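K.L.:
Here it is, the structure in full.
Protein chains: 2
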Amino acid sequence: MVSELIMTVTDRNTEEIILEAACTIFFQKGFAGARMQEIADSAGINKALLHYYYRSKDQLFEAVFNRALISFLPTIKIALEAEMPLTQKIAKFVENYVDVLIANPHIPAFVIHELNTDPNRVVLKLKSHGVDPRIILRQVDEAIAAGEIRAINGEHFLINLLSLCIFPFVARPVAQGILQKSNEEYTLFLQQRKSEILEFVMQSIKAS
Amino acid sequence: MVSELIMTVTDRNTEEIILEAACTIFFQKGFAGARMQEIADSAGINKALLHYYYRSKDQLFEAVFNRALISFLPTIKIALEAEMPLTQKIAKFVENYVDVLIANPHIPAFVIHELNTDPNRVVLKLKSHGVDPRIILRQVDEAIAAGEIRAINGEHFLINLLSLCIFPFVARPVAQGILQKSNEEYTLFLQQRKSEILEFVMQSIKAS
DNA sequence: GTCTATATTGTGATAGAC
DNA sequence: GTCTATCACAATATAGAC
Chain E
8 MVSELIMTVT DRNTEEIILE AACTIFFQKG FAGARMQEIA DSAGINKALL
58 HYYYRSKDQL FEAVFNRALI SFLPTIKIAL EAEMPLTQKI AKFVENYVDV
108 LIANPHIPAF VIHELNTDPN RVVLKLKSHG VDPRIILRQV DEAIAAGEIR
158 AINGEHFLIN LLSLCIFPFV ARPVAQGILQ KSNEEYTLFL QQRKSEILEF
208 VMQSIKAS
Chain C
8 MVSELIMTVT DRNTEEIILE AACTIFFQKG FAGARMQEIA DSAGINKALL
58 HYYYRSKDQL FEAVFNRALI SFLPTIKIAL EAEMPLTQKI AKFVENYVDV
108 LIANPHIPAF VIHELNTDPN RVVLKLKSHG VDPRIILRQV DEAIAAGEIR
158 AINGEHFLIN LLSLCIFPFV ARPVAQGILQ KSNEEYTLFL QQRKSEILEF
208 VMQSIKAS
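Here is the structure:
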């Protein structure tokens, strides 16, 4: 029984090591560009073990994709559903979300690319995780009615907010090239965006 | 000589048909996900002909990537370098750029993904096409100095502008899912963005 | 559980007839 | 220029020893 326990622990570790290596490779190269050999090398183990634990490339990818979503959805969910005034909620969302993006800079481009190439691969797991955008849309309308902010279109505003937060990460090579920044300079630039986005957004919605 | 002329014309047509089919497939699936067989099928010809005209998958991809850049850079260049006041230039840029995006909705995600996976593949052809972002950055600073707009960070402003224009195309599946829109509804939504972005941006920079 | 060796299929590329 | 047939290799997946 002791040996069973030890083996189980060992299993978990290897399984986790593989998954992390798979994340690194899949996030960077996507499903089609990733190679099982490369993942095995990155995990410091053998190709056959990948199949032992995850059966096929498809199933390994599925696990990676799930982890990618799980890294982000809770943050979004918490920020969107919190009980606070709209402007405060926006501030909290931008701050938390950009922090998560800095911690996981490759995930957005990965998810977006996989959804673009094969929209059927993951049949919108957003809903299954219970993120409901209507909450924030309703709150925007309420804030307009209460005169807290000027009249805007809630849907466009929501997409604007997401665009400002996510795009600089998704299009990092392009943006970095345009601004002619080094890696360090661009990382700093991303840090600054939390306050810059907030100022930009607040200015654009404040009641006149 | 007549036959030579005719053959030349025929060549050009086949070459062009292949390139267009290759664009369709590469834009959607990326370099790693695209299959030469699929491109041949899409072009209604044979796999061998692809190699006859473009030698290798790499070279065919190169041609596709070039076409993708050429579709966009002139519009950006013209808009950025035009001789007009900043606010007017911004308006023109948003309008023209979103129109080009609507006409070529898959290109941004394609370019971004390829630059993300292999930053070396195309060694920043932006510069080779002569797009210089410093023009607009300088103009922003001048407008601030002249009191036309409130004090903002030019670099963040430029990235904000690009984010608002491009992101809804790059992340279409995600955004469409969040807003729960049909294809027709989302296409309409993209059309509306021209005025929405402008209003949003102008409000955020206008002198107080 | 982990490895080596191998089977099997997929895919880019070429040869050669027409 | 265009096709069919085929090569050569890459990549996923499995078999079987330890």
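Protein chains in written order, with this note's numbering: chain E, 8 to 215; chain C, 8 to 215.
In this text, a Cβ means the ideal position worked out from N, Cα and C, and glycines have one as well.
On a predicted model such as this, the values are computed, not experimentally measured, just so you know.
#1: For chain E, find out if any of its Cβ atoms is closer than 9 Å to the Cβ of K36(C); answer yes or no.
#2: To the nearest angstrom, report how far apart E206(E) and A86(C) are at their CA atoms.
#3: DSSP three-state call for I212(E): helix, strand or coil?
#4: Fully enclosed by the segment 56-107 of chain E, which alpha helix (DSSP H) runs are 4 residues long or longer?
#5: Taking the alpha carbon of V181(E) as the point to measure from, which residue in L80(C), S215(C) and R62(C) has its own alpha carbon closest?
#6: Helix, strand or coil: how does DSSP classify I159(C) here?
#7: Which of the three DSSP states is assigned to A116(E) in this structure?
#8: At a Cβ cut of 9 Å, what residues of the segment 163-177 of chain C count as close to chain E, listed as they run along the chain?
#9: Any Cβ of chain C within less than 9 Å of the Cβ of Q199(E)?
#10: Run the CB neighbour count on A55(C), radius 10 Å, all protein chains shown included, and call it buried at 16 or more, exposed below.
#11: In three-state terms, what does DSSP make of I52(C)?
#12: Closest to I146(C) by CA distance: which of S215(C), A50(C), R200(C) and A89(C) is it?
#13: Could you tell me how far apart the beta carbons of A107(C) and S63(C) are, in whole angstroms, since I believe they sit closer than 8 Å?
#14: Given 8 Å as the limit, tell me if F100(E) has its C-beta closer than that to any heavy atom belonging to the ligand FAD.
#15: Run through DSSP, which three-state label would V181(C) get?
#16: Can at least three beta-carbon pairs, one atom from the segment 185-197 of chain C and one from the segment 147-156 of chain E, be found at a separation below 8 Å?
#17: Taking the alpha carbon of E22(E) as the point to measure from, which residue in Q35(E), A50(E), K36(E) and V101(E) has its own alpha carbon closest?
#18: Hey, how far is the Cα of A75(C) from the Cα of I119(E)?
#19: Nearest to K213(C) by alpha carbon, out of F164(C), P175(C), V177(C) and S170(C)?
#20: Using CA atoms only, rank isn't needed, just tell me which of I159(E), N160(E), S202(E) and F72(E) is closest to P26(E).
#21: Below 8 Å on the Cβ atoms is my guess for I142(E) versus C172(E); work out the distance and round it to an integer in Å.
#22: Please check the pair E121(E) and G37(E), which I expect to be a contact at CB under 8 Å, by giving their CB distance rounded to whole angstroms.
#23: Using only alpha-carbon positions, find the residue among L168(C), L197(C) and E155(C) that is nearest to A98(C).
#24: Comparing the C-beta of A116(C) with each C-beta of chain E, is any distance below 9 Å?
#25: Closer than 7 Å by beta-carbon distance: list the chain E residues that pair up with F207(C), in chain order.
#26: Strictly below 9 Å CB to CB, what residues from chain C border F196(E)?
#27: Closer than 8 Å by C-beta to P140(C): which residues in its own chain qualify, once you throw out the five before and the five after it? Chain order, please.
P.N.:
Looking at the atomic coordinates:
#1: Residue mapping note: residue 36(C) aligns to position 29 of the second sequence, counting from 1. Taking 9 Å as the CB threshold, K36(C) lines the interface with chain E.
#2: The residue you call residue 206(E) lines up with position 199 of the first sequence. The residue you call residue 86(C) lines up with position 79 of the second sequence. If I take the Cα positions, the gap works out to 26 Å.
#3: Translated into the one-based positions of the first sequence, residue 212(E) becomes position 205. Three-state result, I212(E): helix.
#4: As far as the segment 56-107 of chain E is concerned, its whole alpha helix (DSSP H) runs of at least 4 residues are 64-88.
#5: Taking the first sequence and counting its residues from 1, one reaches residue 181(E) at position 174. Per the Cα distances, L80(C).
#6: By one-based count along the second sequence, residue 159(C) stands at place 152. DSSP, read as helix, strand or coil, puts I159(C) in coil.
#7: Translated into positions along the first sequence, residue 116(E) becomes position 109. When secondary structure is reduced to three states using DSSP, A116(E) falls in the helix class.
#8: Going along the segment 163-177 of chain C in chain order, one finds H163, F164, L165, I166, N167, L169, S170, L171, C172, I173, F174, P175 and V177 with a Cβ nearer than 9 Å to chain E.
#9: Numbered from 1 along the first sequence, position 192 holds the residue referred to as residue 199(E). Closer than 9 Å to some Cβ of chain C, the Cβ of Q199(E) qualifies, so yes.
#10: Counted from its first residue, the second sequence places residue 55(C) at position 48. Burial call: exposed.
#11: Reading the second sequence from its first residue, position 45 is the one you call residue 52(C). I52(C) falls in the coil class under three-state DSSP.
#12: By one-based count along the second sequence, residue 146(C) stands at place 139. Per the sequence presented here, residue 146(C) reads as Gln, with Ile not at that position. The shortest Cα separation from Q146(C) among S215(C), A50(C), R200(C) and A89(C) belongs to A89(C).
#13: By 1-based counting over the second sequence, the position of residue 107(C) is 100. By 1-based counting over the second sequence, the position of residue 63(C) is 56. The identity of residue 107(C) in the sequence shown is Val, whereas the question assumes Ala. Contact flag wrong, Cβ pair sits at about 30 Å.
#14: Ligands in the displayed structure: none, and consequently the ligand FAD is not present.
#15: Against the second sequence, residue 181(C) aligns to sequence position 174. In the structure shown, V181(C) adopts helical secondary structure according to DSSP, grouped into three states.
#16: The segment 185-197 of chain C vs the segment 147-156 of chain E: no contact.
#17: The residue given as residue 22(E) occupies position 15 in the first sequence. Closest option to E22(E), Cα to Cα, is A50(E).
#18: For the purposes of this step, residue 75(C) is taken as residue 68 along the second sequence, with counting starting at 1. For the purposes of this step, residue 119(E) is taken as residue 112 along the first sequence, with counting starting at 1. Annotation: A75(C) to I119(E) spans about 19 Å, alpha carbon to alpha carbon.
#19: Within the second sequence, the letter at position 206 stands for residue 213(C). K213(C) has its Cα closest to that of F164(C), out of F164(C), P175(C), V177(C) and S170(C).
#20: Position 19 of the first sequence, counted from the first residue, corresponds to residue 26(E). This sequence places Leu at residue 26(E); Pro is not what is there. That would be F72(E), whose Cα lies nearest to the Cα of L26(E).
#21: Sequence index remark: in the first sequence, residue 142(E) carries index 135 (1-based). Sequence index remark: in the first sequence, residue 172(E) carries index 165 (1-based). Actually they are not in contact, since the Cβ atoms of I142(E) and C172(E) sit about 18 Å apart, beyond 8 Å.
#22: Walking along the first sequence from the start, residue 121(E) turns up at place 114. Walking along the first sequence from the start, residue 37(E) turns up at place 30. About 7 Å; that satisfies the 8 Å criterion.
#23: In the second sequence, the residue the question calls residue 98(C) occupies position 91. Put simply, of L168(C), L197(C) and E155(C) the residue whose alpha carbon is nearest the alpha carbon of A98(C) is L168(C).
#24: Within the second sequence, numbered from 1, the residue matching residue 116(C) stands at position 109. Any Cβ of chain E closer than 9 Å to the Cβ of A116(C) would place that residue at the interface, and such an atom is present.
#25: By one-based count along the second sequence, residue 207(C) stands at place 200. Per Cβ cutoff of 7 Å: N167 and S211.
#26: To locate residue 196(E), count along the first sequence from 1; it is residue 189. In chain order: E162, H163 and I166.
#27: Position 133 of the second sequence, counted from the start, is the residue given in the question as residue 140(C). Cβ neighbours of P140(C) beyond the five flanking positions: L87 and L165.
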